[in-house]
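Q: First residue of the sequence shown? That's 1 in the UniProt record's numbering, and the numbers climb one at a time after it.
By construction, the Cβ of each residue, glycine as well, lies at the ideal position given by its N, Cα and C atoms.
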Amino acid sequence: MAKKILKIFGCIILVIALIIIGFATFILLGKDSTMKQPIGDINLSNVEDGVYTGSYNGFRFSDAVEVIVKNHEITDIKVIKPQLFAKESVYQELTEKVKEQQSLDVDAVTGATADTKAFLKAVENAIKNK
Numbered sequence: 001m002a003k004k005i006l007k008i009f010g011c012i013i014l015v016i017a018l019i020i021i022g023f024a025t026f027i028l029l030g031k032d033s034t035m036k037q038p039i040g041d042i043n044l045s046n047v048e049d050g051v052y053t054g055s056y057n058g059f060r061f062s063d064a065v066e067v068i069v070k071n072h073e074i075t076d077i078k079v080i081k082p083q084l085f086a087k088e089s090v091y092q093e094l095t096e097k098v099k100e101q102q103s104l105d106v107d108a109v110t111g112a113t114a115d116t117k118a119f120l121k122a123v124e125n126a127i128k129n130k
């Protein structure tokens, strides 16, 4: 009887461990490649007024955005497909930084470096693929 209980307990622990490992793998999937993504400079002088859509696919770190340009300035960025587990405050902070500086050369949000890179790459892709 004790062996049977021990065996069941061992199986439960194994299943829990596999779930944790699977979840951790999913959470980190794409992080390295996203962190290595170079963020290019954008030249807004030849970008006409309009709404430009861009995306970045980095598994969990994937974003799709709409970038609104008026008078050769980014006036707003709307996230149309957010990353899994990303905080709205990260998007708000990054949008404000990009609008203020009119550049993608902005500091990463503390604790959200990969999220920052994915967002900025989606914005870059929107502007460059106009």
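1. Quick check on the burial criterion: 16 or more other C-beta atoms within 10 angstroms. Buried or exposed for ASN46?
2. What does the alpha-carbon distance come out to for the pair PHE61 and GLY54?
3. To which residues does DSSP link ALA64 through a beta bridge?
4. Count Cβ pairs between the segment 34-42 and the segment 86-96 that sit closer than 8 Å; are there 3 or more?
5. Note down, in chain order, each residue of its chain lying with its Cβ closer than 8 Å to the Cβ of ASP49, except the 5 sequence neighbours on either side.
6. For PHE9, count neighbouring Cβ atoms within 10 angstroms of its own Cβ and tell me buried if that reaches 16, exposed if not.
7. For LYS81, count neighbouring C-beta atoms within 10 Å of its own C-beta (all shown protein chains included) and say buried if the count is 16 or more, exposed if not.
8. Quick one: is LYS31 near chain D, going by C-beta distance under 8 Å?
A: Reading from the atomic positions:
1. Residue numbering aside, residue 46 sits at position 46 when the sequence shown is read from its first letter. The residue is exposed, with fewer than 16 neighbouring Cβ atoms inside 10 Å.
2. The sequence position of residue 61 within the sequence shown is 61, counting from 1. The sequence position of residue 54 within the sequence shown is 54, counting from 1. Those two C-alpha atoms are separated by around 14 Å.
3. Along the sequence shown, one-based indexing puts residue 64 at 64. According to DSSP, ALA64 bridges with SER55 and LYS81.
4. no
5. Within the sequence shown, residue 49 is the residue found at index 49, counting from 1. Excluding positions up to five away in sequence, the list reads VAL69, LYS70 and ASN71.
6. One-based indexing of the sequence shown puts residue 9 at position 9. That one is exposed.
7. Residue numbering aside, residue 81 sits at position 81 when the sequence shown is read from its first letter. With fewer than 16 other Cβ atoms within 10 Å, it is exposed.
8. No chain D appears in this structure, which consists of one protein chain only.
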